[in-house]
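**Student:** Sharing a structure below in structure tokens format, with a few things to ask.
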Amino acid sequence: MQMLLHANSLLLLAPTTSRLSASASPGRSGTARPLPPPQGTRIPPAPPLAGHGGRPPSPQPRRGRDGVGEECAAAVASQGFVTDARAYWVTRSLIAWNVNDQDTSLFLYASRDATMHVSDGAIHGYDSKIELEPEHASLPDNVAEKFPFIRSYRTFRVPSSVDVASLVKCQLAVASYDAHGRHQDVTGLQLPGVLDDMFAYTGPLGAVFSDKDVDLYLWAPTAQDVRVCFYDGPAGPLLQTVQLKELNGVWSVTVPRYPENQYYLYEVKVYHPSTSQVEKCLADDPYARGLSANGTRTWLVDINSETLKPASWDELSDEEPNLESFSDISIYELHIRDFSAHDSTVDCNSRGGFVHLHFRLFRLNLLNDFCSPPITKHPGRIMETVMQDSAGIRHLRKLSAAGLTHVHLLPSFHFASVDDNKSNWKFVDEAQLAKLPPGSDEQQAAIVSIQQEDPYNWGYDPVLWGVPKGSYASNPDGPSRIIEYRQMVQALNRIGLRVVMDVVYNHLDSSGPFGVSSVLDKIVPGYYLRRNVNGQIENSAAMNNTASEHFMVDRLTVDDLLNWAINYKVDGFRFDLMGHIMKSTMIRAKSAIRSLTRDVHGVYGSKIYLYGEGWDFGEVAQNKRGINASQINMSGTGIGSFNDRIRDSVNGGNPFGNPLQQGFSTGLFLEPNGYYQGNEADTRRELATYADHIQIGLAGNLKDYVLRTHTGEAKKGSDIYTFDGSPVGYTSSPVETINYVSAHDNETLFDIVSIKTPIGLSIDGECRINHLASSMIALSQGIPFFHAGDEILRSKSLDRDSYNSGDWFKKLDLHMNQPIGCRLLQEIRMKNMHLIKPRLENPSFRPLKNHILSCFDNFVDILKIRYSSPLFRLSTASDIEQRVRFHNTGPSMVPGVIVMSIKDAQNEKCKMAQLDKNFSYVVTIFNVCPHEVSIEIHDLASLGLELHPIQVNSSDALVRQSAYEASKGRFTVPRRTTAVFVQPRC
């Protein structure tokens, strides 16, 4: 809702050696400059200092005052000075402000000590007052492209004699005066434009290790002073404070390579607009590679140290599961704590963390350097003990064997909402909660009472992007989080699963000069976060929106991705609220990742897949802040985006509408639940419209795929529209769509089915609908995406926003004894409790173990079917357009039935290439009707079709009844069933 490679821009793609331990990223404009070799002071070993000491007194600035109007004085008097920032310093020489009077003159005021204030109608306390020259031309094209929302602002030129590099370190304001010299207005300045113009930088950042020394680099062009404070361990005393020197906005110093247990913080003296004061901020290194518990200090660690690598780590890329094409990907979304919090086959001390995801659990007998007393006779070696698979790992093995390729892990970087110190966690008595009635509100009250102190949260509140989360590690201090994350990736790869990391670059947990969870805004205040035209932080992405349109935010994003790709061998990235990131950042990220090679970087960058949430809303909507990474804009990039069109069509409505709105699979027209969605003609038409949308989704959501719609018209996907007017088809390639019906957001699939179907529907019927919805995703062209537990009827007690609902309500029972309790009420959903409570209290609402096992078996079967033929995984738009057809279309379509055929070359004379050595034709029929359907498709007559062998041997007795009569092209499919027919090659 993070970075590692570093030396300089020339070394970005150089071999990973001990010096490449911070981060570097290719520059994206000619204005960016790599830093020369370290210019900071070389510090010899020194004894611990008693305090910070040694600072020269600040020079006393010249004081000034200037008259202001009474209205302006009244506006700022209560705050002491201006608290908004409506003017933009966009380049070294240009300032833009939305002033209309052509005779207006502007003056720039600066105070290094932030002593400006208004009293008696006058500005006091400034050091400098500079008259700006009005420009008659509009903003330059490159500036208008970077800041399109201020395109109409007037521009004023900063005299060339001004020392801009010094001024950006000051408290700043601009004031306007009319032709008679009377004051009109005063405001602060937003500085990202001028900082990018003057200080964009591609050289080393973070800690760069050599054999004897460590070079520290921090980008902080607005800082007045920077020092680094070294500490003895994660909680020990201050050892010494070392001064850094600045060159072109980058502060650096070279220090001896201290013992491994040393931690540090930067002390940054900087003007902070949130307090209108010069503050001394203690901050972690933005390029941190290790942390203490809760990120209170940065661990000075060489991420490339052999002591941090599991056995055979450097060879892992040679062991990774094969991936011929991104179209072969299928994704299973999993929360780390969910996976084993209730797994009795996992040691209680290992539940809910990285360690439980090891298929062979590694016991970390760490180095003598880290352990006192020593616990191993072999310094520098990670020992391992082989243990049995857990229930969760056995579950993943089965999915992998069926064809699943990727596990998507919800946020696993350092986030704020869970205490890293396990001794501080609080828990409910689940045995007592289990005794309460399902509709009771006591479970809810128990969870709420510890909600801020339990170990559960999704983790979409990032603090530092580049370090694994400490609460998931056996020890949040030192090496455990690094080693265990690597072991987790290695273990999943070895059971055939690649790892996707959920990254959250669109916002940060905190801002301001205070608080442990504020980092970036302490170092360059006002730069990393996107602000509105009044200078206030934008919060549409949840809180503290970041601004990837700013050069160093873009760079930090790309650097961090390289960190995880190279140092943790992550196989894919899912971008939270990707639409709040600029498209240029995503393209640059893809290019940087694809350039990684096995020989140089130890990974195959060409196998790393990128996808995200391309929602277009907030201040970035419709490209207001530049071309953003929205669904529509990402067409042609090869980067995937979540397809809400197929989700809403299958389920009905949308996650923000009435929960009773029905869709294609949940009974619309065919089995109404009592919620009024129109008369019979209306609901039949809506069902047919949903079928059109689903068919475009099944065809890879291609914008150019032509479908005969329910009206009889042939239309491209981009010319078919959702109910709110958005084009249904928007991709240029099937790998650009992530097809799904549920995810961690909103209800689980089983809960969706339960709330939308008629309350009297049997649990057997609900289970079939659950599977039918999953099968539409599994057999679609594009990338199928499944939420963990959908395959075993997982319920979250109908909670749609369960980010902090705790272990009790989020239980993922991989022993397949899933209970349903009372949902945790959120204030926004109180109005729906009258719908939810009767279902929770209804015994028939609860599936039995045989239902869960049957659902899982069917899910495994449908995965096996997907991977039984490459025809379900076509890799190009042209292949889909040539081979995929839909047959039950037009005004005479049978409601509730989709018939999809995929054709392969029939013989050697056929012009199309042969893809499948086993089958020459595949026909899939989705029957959502509550009754058996027989349908004749003349175009599919006289074929040698038969039920897929996997379904012939299915444990589902109904699907085995599916039949095909070749002479008439007649298909018979039982109620609520997906049937797949294949034509075997002779």
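FYI, the numbering for the sequence shown is -18 to -1, 1 to 968, going by mature numbering (1 follows the signal peptide of the UniProt record, and there is no 0). Glycine residues also receive a C-beta, built at the ideal position from the N, C-alpha and C atoms. Computed from a predicted structure; not experimentally measured.
Taking only three categories from DSSP, how would you classify P130?
**Tutor:** Numbered from its first residue, the sequence shown carries residue 130 at position 148. Three-state result, P130: helix.
**Student:** Suppose the cutoff is 7 Å on Cβ atoms and the five residues either side in sequence are ignored; what does the same chain contact list for K950 look like?
**Tutor:** Indexing the sequence shown from 1 puts residue 950 at position 968. If we look at K950 and ignore the five residues flanking it on each side, its Cβ neighbours are E918 and A923.
**Student:** DSSP three-state label for A696, please.
**Tutor:** As a first step, residue 696 must be located in the sequence shown, where it is residue number 714. Reduced to three states, the DSSP call for A696 is strand.
**Student:** Just verifying my parser: in three-state terms, what is the DSSP assignment at R512?
**Tutor:** Here residue 512 corresponds to residue number 530 of the sequence shown, with the count starting at 1. Three-state DSSP puts R512 in coil, outside helix and strand.
**Student:** So the candidates are I720, H920, E890 and G711; which of them puts its Cα closest to the Cα of T871?
**Tutor:** Residue 871 sits at position 889 when you count from the first residue of the sequence shown. Among I720, H920, E890 and G711, the Cα nearest to that of T871 is on H920.
**Student:** Please report how far the alpha carbon of M180 lies from the alpha carbon of L114, in whole angstroms.
**Tutor:** Residue 180 sits at position 198 when you count from the first residue of the sequence shown. Residue 114 sits at position 132 when you count from the first residue of the sequence shown. When rounded, the distance between both Cα atoms is 19 Å.
**Student:** In chain order, which continuous runs of the beta strand (DSSP E) of length 3 or greater are located wholly inside the stretch 872 to 898?
**Tutor:** Along the length of the stretch 872 to 898, whole beta strand (DSSP E) runs at least 3 residues long occupy 879 to 885, reported in chain order.
**Student:** Per DSSP, Y248 is paired with what?
**Tutor:** Here residue 248 refers to the residue found at position 266 of the sequence shown. Its beta-bridge partners are V210 and A265.
**Student:** For E127 and A760, what's the separation of their Cα atoms in angstroms?
**Tutor:** By 1-based counting over the sequence shown, the position of residue 127 is 145. By 1-based counting over the sequence shown, the position of residue 760 is 778. Each residue's CA atom was taken as its position, placing E127 and A760 some 41 Å apart.
**Student:** Report the residue ranges of all beta strand (DSSP E) runs contained in full by the stretch 588 to 674; include only those spanning at least 3 residues, in chain order.
**Tutor:** 591 to 594 and 622 to 625
**Student:** On the three-state DSSP scale, how would you describe H816?
**Tutor:** In the sequence shown, the residue the question calls residue 816 occupies position 834. H816 falls in the helix class under three-state DSSP.
**Student:** Quick check on DSSP: helix, strand or coil for R345?
**Tutor:** If you number the sequence shown from 1, residue 345 lands on position 363. The predicted position of R345 is uncertain, since its pLDDT is 40 and thus under 50; a value taken from the coordinates is nonetheless stated next. Reduced to three states, the DSSP call for R345 is coil.
**Student:** Out of F963, L121, R376 and S87, point me to the one whose CA is closest to I907's CA.
**Tutor:** Along the sequence shown, one-based indexing puts residue 907 at 925. For the residues F963, L121, R376 and S87, the minimum Cα distance to I907 belongs to F963.
**Student:** Distance check for A529 and M835, CA to CA, integer angstroms please.
**Tutor:** As a working note, residue 835 is residue 853 in the sequence shown. As a working note, residue 529 is residue 547 in the sequence shown. Per the sequence shown, residue 835 should be read as Leu rather than Met. Computed Cα separation, rounded: 47 Å.
**Student:** How far does the alpha helix (DSSP H) with I751 in it extend, from its first residue to its last?
**Tutor:** Stepping through the sequence shown from its first residue, residue 751 is reached at position 769. I751 -> alpha helix (DSSP H) spans I745 to A760.
**Student:** Per DSSP, what kind of secondary structure is K792 in: helix, strand or coil?
**Tutor:** Here residue 792 refers to the residue found at position 810 of the sequence shown. Of the three classes helix, strand and coil, the one that applies to K792 here is coil, per DSSP.
**Student:** Report yes if the C-beta distance between V140 and V196 is below 8 Å; otherwise report no.
**Tutor:** If you number the sequence shown from 1, residue 140 lands on position 158. If you number the sequence shown from 1, residue 196 lands on position 214. Not a contact, by the Cβ cut-off of 8 Å.
**Student:** Using DSSP's beta-bridge definition, name the partner residues of F181.
**Tutor:** Along the sequence shown, read from residue 1 onward, the residue named residue 181 stands at position 199. Note: F181 sits in no beta bridge, so no partner.
**Student:** Could you check whether L731 and H769 sit closer than 8 Å to each other, using their CB atoms as the reference points?
**Tutor:** Along the sequence shown, read from residue 1 onward, the residue named residue 769 stands at position 787. Along the sequence shown, read from residue 1 onward, the residue named residue 731 stands at position 749. Yes. Within cutoff.
**Student:** Taking the continuous beta strand (DSSP E) assigned at residue 971, which residues delimit it?
**Tutor:** Outside the shown range of the chain (-18 to 968) lies residue 971, about which nothing can therefore be said.
**Student:** Let me know if H390 comes out buried or exposed under the rule of 16 or more other beta-carbons within 10 Å of its beta-carbon.
**Tutor:** Here residue 390 corresponds to residue number 408 of the sequence shown, with the count starting at 1. With 16 or more Cβ atoms within 10 Å of its Cβ, H390 is classed as buried.
**Student:** Compare the C-alpha of L298 against each of T539, A547, H532 and F868 and name the closest.
**Tutor:** Reading the sequence shown from its first residue, position 316 is the one you call residue 298. Taking only the C-alpha atoms, the option nearest L298 is A547.
**Student:** Does the stretch 63 to 83 come into contact with the stretch 127 to 137, if we say contact requires no fewer than three beta-carbon pairs (one atom in each stretch) closer than 8 Å?
**Tutor:** yes
**Student:** I'd like the list of long-range same chain contacts for E662, defined as Cβ closer than 8 Å, with 5 residues on each side in sequence excluded.
**Tutor:** Here the question's residue 662 lines up with position 680 in the sequence shown. So the list reads F651, once near-sequence residues are dropped.
**Student:** How long is the line joining the alpha carbons of D402 and G441, rounded to whole angstroms?
**Tutor:** Within the sequence shown, residue 402 is the residue found at index 420, counting from 1. Within the sequence shown, residue 441 is the residue found at index 459, counting from 1. Straight-line Cα distance between these residues: approximately 12 Å.
**Student:** Report yes if the CB atom of D491 is closer than 8 Å to the CB atom of D443, and no otherwise.
**Tutor:** If you number the sequence shown from 1, residue 491 lands on position 509. If you number the sequence shown from 1, residue 443 lands on position 461. Contact flag set, yes.
**Student:** Taking Cβ to Cβ, would you say Y454 is nearer than 8 Å to G335?
**Tutor:** Taking the sequence shown and counting its residues from 1, one reaches residue 454 at position 472. Taking the sequence shown and counting its residues from 1, one reaches residue 335 at position 353. Contact flag set, yes.
**Student:** For Y467, name the three-state secondary structure that DSSP assigns.
**Tutor:** Working through the sequence shown from its first residue, we reach residue 467 at position 485. Correct three-state label for Y467: helix.
**Student:** Would you check if there are 3 or more beta carbon pairs closer than 8 Å linking the stretch 551 to 558 to the stretch 470 to 484?
**Tutor:** yes
**Student:** On the CB-based measure, 16 or more other CB atoms within 10 Å of its CB, does G448 come out buried or exposed?
**Tutor:** Mapped onto the sequence shown, residue 448 falls at position 466. Label assigned to G448: buried.
**Student:** At what residues does the beta strand (DSSP E) containing M483 begin and finish?
**Tutor:** As a working mapping, residue 483 is identified with position 501 in the sequence shown. For M483, the enclosing beta strand (DSSP E) stretches over residues R480 to V485.
**Student:** What's the call for A948, buried or exposed, on a 16-neighbour Cβ count within 10 Å?
**Tutor:** In the sequence shown, counting from the first residue as 1, residue 948 sits at position 966. When all chains shown are included, A948 counts as exposed.
**Student:** Is the stretch 784 to 803 in contact with the stretch 423 to 431, if contact means three or more CB pairs nearer than 8 Å?
**Tutor:** yes
**Student:** Please state whether the Cβ-Cβ distance between D459 and K792 is less than 8 Å.
**Tutor:** The sequence position of residue 459 within the sequence shown is 477, counting from 1. The sequence position of residue 792 within the sequence shown is 810, counting from 1. The answer is no: Cβ separation not under 8 Å.
**Student:** Compare the C-beta of D145 against all C-beta atoms of chain D and say whether one is closer than 8 Å.
**Tutor:** Reference to chain D is not applicable here, since this structure consists of a single protein chain.
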